[in-house]
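Here the structure is laid out as structure tokens; the discussion comes afterwards.
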Amino acid sequence: MKGLNNKILEVDLNREKFREVTVPEKILSDYIGGRGLGVKLLLDKLPIKTDPLDQRNLLIFSTGPFGGTIVPTNGRFSLVTKSPLTNGIFYSNSGGSFGVIMKKCGYDGIIIQGKLKELGYLLIDGENGVLLKESSNLWGTDTEKTFEELKKIEGNKINALMIGQAGENLVKIASIMNDAARAFGRGGVGAVMGSKKLKAVVVKGGNAKVEINDQDLLKKYVKVAQDKIKVVPITRSSLPKFGTSALVNVINILGMFPINNFQRGFDERAVQVSGEKIDKNLTQEHEGCYACPIRCGRLTKAGDMRGKGPEYESVWALGPNLGIFNLTSVTQANYLCNLYGLDTISCGGSIACAMELQEKGHIDDPSLIFGNSGILKELVRKIAFKEGIGAQISEGSKILSKRYGSEDIAMQVKGLELPAYDPRGAIGHALGYATSTRGGCHLTGYLASLEIFAAPKKIDRFTIAGKPDLLILKQNQKAIEDSLVICAFAGWALGLDYYARFLKAITGIDYDVMKLLEIGERIYNLERIFNIREGLGRGDDILPPRFINEPLQEGFSKGSIVPLKTMLEQYYFIRGWDEQGIPKLETLEKLGIKQI
Amino acid sequence: MVVDESIYKIFKKVGKHLVRHGYNTSHSGNISIKSGGKIIIKRRAAMLGDLKIEDLVECELKEEDSSSLIASTELGVHRAIYLETDAMAVIHAHNPYCVALSLIEDEITCIDAEGFALYKKIPIIDVEIPAGAYYTSIEVPKMLKNYPFVVVRGHGIFAKGMTLEDALQYVTGAEQSARIRYLTLLTGKPLKRDFSKEKDFSIW
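These protein sequence lines map, in sequence, to chains C and F. Note that the first sequence covers residues 726 to 1321 in the working numbering. Note that the second sequence covers residues 67 to 270 in the working numbering.
In structure tokens form, the structure reads like this:
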């Protein structure tokens, strides 16, 4: 397919062997690249019920036909693996420039399996080939130090995916980092890399050029798209100025900003950790990923520490969800998560769970109380190093709460901690949490775009009608966006009508919106099949009972609960799944899926 | 099946807007949404500007059912649009300026700022029997795969959206762009600035 190298690098860490594999045209046309390609490869290659931390698990990094072209926000790239946190499919999407350099090295993706004998890193040098290098001296180094050391060895013009101490210690909420604060954040993917004793994947050099079918036409389409990005307020000013933290005040005012482990949905003090405060007090410089005109990233300074972020989800997870409104403490904890390689959402969500367990008398640790910012930095360190109570929290909130016989206190779905939108404030968004194939995730089908941000038009956030239909459309859309690969934020200005035109100009294949949506639907069903194969099912499409039974007591979401059962039945019906949430044969046949 | 009250309120609001502002006559036009894996559409011959809750009919999405006895004549077009495009809501209206321009042009290029920013151009198609559902159901979805609306020459507009309000904005926005173009053409004077040429909308 034009727009791709049509080549993937297979790495066997056990035998220290490499192999270049040509991806069949049919797989590329059916799954495109990125998330879709990764899911297809994982399902085909991973033995059933493999332990996620077993050497046989795969790490599949990939880019798509947009990567490295002139399409705006094409710098993102994808990771697919089996998650140690959810035991299901996991796809993650990171910004930065690694994916583009990987593609310039001649590879659309890398599949890594096996385990090194000693800690090491994989070097993909576009000019000199592929190599595995021993790096036991990097054991115990954080991601910043690791990158500095790698630059000393490989030169300054590198990019690297790295794990910190959390990944080395197989912490189930560990992330994989690149470009300082860009992350494959969720699902404990850092632990998978740590289980392979792989400290880093380094890329450099390379000048492979993929063929573009009609570069002039692509330029014309991109010009129209860039104009649109410039006039839409969210992409023109809100995200560039405040980053994602612009959401703090908006979500708090709606009464769906989770406080103290989702026990409340509003707090007047939230303004203290808002995007406006970050912009005024912490921001030093703005920055963006490769080929991104939006540039939502920020270099910041908090107290005696410097770093990137915090993003909205991080500021919430490490702040108000713990009853903490001290912006310096929150930001420093965020920096530490980036250095240790920890997922900020799951880290904060698991600490919040521990604090509520303490509040309810299950954990005997008087320091572990909501609002105690003094313990935050040390607690984050203990989680990364699995020390004391940190060792328990490092397993994630589901296992932590189970240990104390109080699973209802874990605010998670399928083991993945929930993000910063109380589902009682937007019930379609809530259905998205329950049905996301990767667990409690807001990105898999962001219905908040309509329920909260009125994009393209506002819908009532408390009614059921039409929500399952709209959610499915959003989920299928996101699956294809993650496969092209393009940033979710571009979607505030653009959409599939733009992406179909880009893809047609790049590949020469007659793609339209419906064809893309069909691919998205195919990917989503394949993910569902993977999960069912691994033992997940209807019983996992749930929400914590708090959201079903306990209405919020104050603010503009007061009185709301989530009517999940009714929505879920409609959702399965529309998806063409049976009452147990298993895709029906005719649904799979329609989508051309052979695996059952 | 009784349609949800919240859905009825939106149908009533959108229906009233379309008639009050001259997009439809008293009984013409039809509006629908996709919900619960089915289509909810206006009943045939119901007054669009004064819809009652019983004027909304729930129909099967993927196959014909007995609801076609009472549903809008153009149910087949709506169904085809839902099956072949990403539409979640559909409006069919008889926008006067769009229809007028469709009789003298092959596409309506947006020359106003709002139009060129949001829509670029409004495609026009010819259908063998313009007011009949059969031919329209074949041709309209093809265009709606890549455009939010299409004008059937001499007949009216079909617009899709994520919601009914979204589709309504496309119907009213298209009419606004068509009206400005029509009025500008009427002056007979050349344009001082033609945004559409600057952006090369011919490629869109």
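C-beta: ideal position from N, C-alpha, C; glycine also. Given the structure is predicted, the values throughout are model-derived calculations rather than measurements.
#1: So, C/I1257 versus C/I1307, is the Cβ gap smaller than 9 Å?
#2: From the DSSP output, in three-state form, read off F/S72 for me.
#3: Comparing the C-beta of C/Y1146 with each C-beta of chain F, is any distance below 9 Å?
#4: State the Cα-Cα distance for the pair F/G88 and C/N884, rounded to the nearest angstrom.
#5: Classify C/L1067 as helix, strand or coil using the three-state DSSP reduction.
#6: Can you give the Cα-Cα distance for C/A906 and C/L1143, rounded to whole angstroms?
#7: Taking 9 Å as the CB-CB cut-off, is F/E231 touching chain C?
#8: Can you find a C-beta in chain C that's less than 9 Å from the C-beta of F/K82?
#9: So the candidates are C/K1107, C/E1279, C/F1095, C/D1068; which of them puts its Cα closest to the Cα of C/D699?
#10: By how many angstroms is the C-alpha of C/S1208 removed from the C-alpha of C/Y679?
#11: Does the distance from the CB of C/L1104 to the CB of C/I1114 come in under 9 Å?
#12: Under 9 Å between C-beta atoms, does F/Y213 make it to chain C?
#13: For a cutoff of 9 Å on Cβ pairs, would you count C/Q669 as touching chain F?
#14: With a 10 Å radius around its C-beta and 16 neighbouring C-beta atoms as the bar for buried, classify F/N212 as buried or exposed.
#15: What are the boundary residues of the alpha helix (DSSP H) that F/K208 is part of?
#16: Per DSSP, which residues does C/A1027 bridge with? Please list them.
#17: Would you kindly work out how many angstroms separate the C-alpha atoms of F/E140 and F/Y74, rounded to a whole number?
#18: Using beta-carbon positions only, say whether C/S1282 and C/G990 come within less than 9 Å of one another.
#19: Mind listing, in chain order, the continuous alpha helix (DSSP H) runs of no fewer than 4 residues lying wholly within the region 1241–1295 of chain C?
#20: List the DSSP bridge partners of F/P189.
#21: Starting from the beta carbon of C/M1239, find every residue of chain F whose beta carbon is closer than 8 Å, and list them in chain order.
#22: So with CB distances below 8 Å, who are the chain C contacts of F/K100?
#23: Identify every residue that forms a DSSP beta bridge with C/W1302.
#24: For a quick check, are the C-beta atoms of C/G728 and C/I1231 less than 9 Å apart?
#25: Is F/I119 close to chain C? Criterion is C-beta to C-beta, closer than 9 Å.
#26: Kindly indicate which three-state DSSP category C/R709 falls into: helix, strand or coil?
#27: Rounded to whole angstroms, what's the CA-CA distance from C/G1262 to C/I773? Just pull it up for me.
#28: Quick check on C/G1317: buried or exposed, where buried means 16 or more other Cβ atoms within 10 Å of its Cβ?
#29: When you compare each of C/Q1305, C/G1000, C/C1014 to C/A1213 by their alpha carbons, which one comes out closest?
#30: Under the three-state reduction of DSSP, which class applies to C/S963: helix, strand or coil?
#31: Alpha carbon to alpha carbon, what distance is there between F/C125 and F/S133?
#32: Determine whether the Cβ of C/T794 lies closer than 9 Å to any Cβ atom of chain F.
#33: What residues match up with C/G834 in a beta bridge as DSSP calls it?
#34: Near C/N1051, what residues of its chain come up, given a Cβ to Cβ distance below 7 Å and the 5 sequence neighbours on each side ignored?
#35: Below 8 Å on the Cβ atoms is my contact criterion, and I expect C/S787 with C/G763 to pass it. Report the Cβ-Cβ distance as a whole number of Å.
#36: Along the region 1205–1234 of chain C, what residues have a CB closer than 9 Å to any CB found in chain F?
Checking against the coordinates, here is how it stands:
#1: Contact flag set, yes.
#2: It is helical.
#3: C/Y1146 does not count as touching chain F.
#4: If you draw a straight line from the Cα of F/G88 to the Cα of C/N884, it is about 60 Å long.
#5: Look at C/L1067 here: in three-state DSSP terms it is strand.
#6: Answer to the nearest angstrom: the Cα atoms are 20 Å apart.
#7: So yes, F/E231 belongs to the interface.
#8: Closer than 9 Å: no.
#9: Given that chain C is displayed from residue 726 to residue 1321, the structure contains no residue 699 of chain C and the question cannot be resolved.
#10: This structure gives no information on residue 679 of chain C, because the portion of chain C shown stretches from 726 to 1321.
#11: In contact: C/L1104 and C/I1114 (Cβ atoms closer than 9 Å).
#12: By the rule that beta-carbons nearer than 9 Å mark a contact, F/Y213 touches chain C.
#13: No answer is possible for residue 669 of chain C: the residues shown for chain C start at 726 and end at 1321.
#14: With 16 or more Cβ atoms within 10 Å of its Cβ, F/N212 is classed as buried.
#15: Taken as a continuous stretch (DSSP letters only), the alpha helix (DSSP H) holding F/K208 covers 199–210.
#16: Paired residue(s): C/M1030.
#17: Those two C-alpha atoms are separated by around 20 Å.
#18: In contact: C/S1282 and C/G990 (Cβ atoms closer than 9 Å).
#19: Within the region 1241–1295 of chain C, complete alpha helix (DSSP H) segments of at least 4 residues are found at 1270–1274, given in chain order.
#20: Its beta-bridge partners are F/E173.
#21: Neighbours of C/M1239 in chain F, taken as residues at a C-beta separation under 8 Å, are given in chain order as E150, T151, D152, K211.
#22: Residues of chain C passing the Cβ test: G1191, D1194.
#23: In the DSSP output, where bridge partners are listed per residue, C/W1302 has C/P1308.
#24: In this structure, C/I1231 lies closer than 9 Å to C/G728 by Cβ.
#25: Cβ-Cβ to chain C under 9 Å: no for F/I119.
#26: Given that chain C is displayed from residue 726 to residue 1321, the structure contains no residue 709 of chain C and the question cannot be resolved.
#27: C/G1262 and C/I773: Cα-Cα distance of roughly 15 Å.
#28: Counting Cβ neighbours within 10 Å, C/G1317 comes out exposed, since fewer than 16 surround it.
#29: Among C/Q1305, C/G1000, C/C1014, the Cα nearest to that of C/A1213 is on C/C1014.
#30: DSSP places C/S963 in helix when its eight states are reduced to three.
#31: Rounded to whole angstroms, F/S133 to F/C125 spans 6 Å at the Cα level.
#32: Answer no: the Cβ-Cβ gap between C/T794 and chain F never drops below 9 Å.
#33: Answer is C/I733, C/S787.
#34: Excluding the 5 residues flanking it on each side, C/N1051 has same chain C-beta neighbours closer than 7 Å at S1098, in chain order.
#35: Yes, they are in contact, since the Cβ atoms of C/S787 and C/G763 sit about 5 Å apart, within 8 Å.
#36: Within the region 1205–1234 of chain C, the residues whose Cβ lies closer than 9 Å to some Cβ of chain F are L1221, D1222, A1225, R1226, listed in chain order.
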